[in-house]
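In our numbering, the protein residues as written are 894 to 1172. For each residue, glycine too, the CB sits at the ideal point set by N, CA and C. This structure is a prediction, so every number in the text was calculated from the model and none was measured.
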Amino acid sequence: MLIYANGSWVEAHKAVVPFNDQGFLYGDSLFETIRVNHGRAFRLEKHMDRMRSGMETIHMAGTDLLAEIPGILQTYISKNDLDNALTRIIITRGITQGSPWRSVSDPALYMTSRPISEPEQWPVKVVFLEEKNYPILRFHPAIKSGNYLGNMLAKKDAEDAGAFEPVFVNRDGYVTECAIRNVFFIRDDILLTPSLELGVLPGVIRDTIMELAERRHLKVRETLIIEDDVQEMDEAFISSTGVGVLPITWDGFQSNYHHSQILREDLQKLFESGDLNVT
Ligand SMILES: Cc1ncc(COP(=O)(O)O)c(C=O)c1O
């Protein structure tokens, strides 16, 4: 596999990041995971908008670099002969010398990919974990930064507890999102998802699901959901570029996943169709 490493195409096992790269040293970086279906990047513009917003939020110079990404990604797809895959684009603040907060170079761009792997069976189990026990970066607007230490620690704790993914609850008792996914609930035929004002990531698939739900005449509410209320929900699922719509369960929760299954199939069809937008 060929990796794009800031201007060079290199074999994956030979690709290196400079030792004084801010992303490597301080997690001073942003990333996007983009789904490639039949050689086409799904909703690339939305990923680029989110990256631009992240760069602006953390005052990372060099947004011009974003204009180069679609072309480089296309070359990446053809050089690696990708059909279906998850590509990862990373932008770091580049090289630093002396004081850590003084970068001396333009941002650096990296591109890699991995196969799409989805659980074979659903619903998958989740556990509700308290955010205060993990070093999670919450910012408004949310940034998809390289600081995923808290997310990864929680993911490991969830897996050690026999679950697929954690669902976080913040200090005020509100459900926010998962370690690497958004979360949705359905009650009385209304699709509910935690509001972005909580600092949750505006997932590309989260947006897509809300569009698909409207097409199915489901009411959609971005709102505040308290943990105490989740037991009263009719359905629940998580969402991401990797898993699409994935129904969830937890101790004591039962559902027929009626709407979840329809949305899962609608999204799967959209991926397969090669269309980039919900029409
Ligand atoms: C914390 C977090 N929330 C939500 C998501 C889902 O985002 P998307 O739908 O763009 O994959 C991700 C994806 O990486 C994530 O890391």
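Check whether residue i and residue j have beta carbons under 8 Å apart
{"i": "Glu1052", "j": "Phe1061", "result": "no"}
{"i": "Gly947", "j": "Ile1029", "result": "no"}
{"i": "Pro1008", "j": "Ala1054", "result": "no"}
{"i": "Ile983", "j": "Met944", "result": "no"}
{"i": "Thr1005", "j": "Arg981", "result": "yes"}
{"i": "Gly1135", "j": "Thr926", "result": "yes"}
Residue burial classification, residue i (beta-carbon count within 10 angstroms, cutoff 16)
{"i": "Asp914", "result": "buried"}
{"i": "His940", "result": "buried"}
{"i": "Ala1001", "result": "buried"}
{"i": "Asn1075", "result": "buried"}
{"i": "Lys907", "result": "exposed"}
{"i": "Asn1026", "result": "exposed"}
{"i": "Tyr1064", "result": "One point to set straight first is that residue 1064 is Arg, not Tyr, in the sequence displayed. Its Cβ having fewer than 16 others within 10 Å, Arg1064 is exposed."}
{"i": "Asn1149", "result": "exposed"}
Span separating the alpha-carbon of residue i from that of residue j
{"i": "Asp1050", "j": "Leu1042", "result": "12 Å"}
{"i": "Leu1089", "j": "Ile1098", "result": "14 Å"}
{"i": "Gln1147", "j": "Asp1127", "result": "8 Å"}
{"i": "Phe935", "j": "Leu1139", "result": "18 Å"}
{"i": "Val1113", "j": "Glu1104", "result": "9 Å"}
{"i": "Phe1057", "j": "Gly991", "result": "42 Å"}
{"i": "Val909", "j": "Leu918", "result": "14 Å"}
{"i": "Asp999", "j": "Arg1108", "result": "43 Å"}
{"i": "Leu958", "j": "Ala898", "result": "14 Å"}
{"i": "Glu904", "j": "Phe1021", "result": "40 Å"}
For residue i, three-class secondary structure by DSSP
{"i": "Ser901", "result": "strand"}
{"i": "Val1020", "result": "strand"}
{"i": "Met1126", "result": "coil"}
{"i": "Tyr1003", "result": "strand"}
{"i": "Val1219", "result": "An answer regarding residue 1219 cannot be provided, because it is not within the stretch 894 to 1172 covered by the chain."}
{"i": "Pro1034", "result": "coil"}
{"i": "Phe924", "result": "strand"}
{"i": "Ile1009", "result": "coil"}
{"i": "Phe1077", "result": "strand"}
{"i": "Val1097", "result": "helix"}
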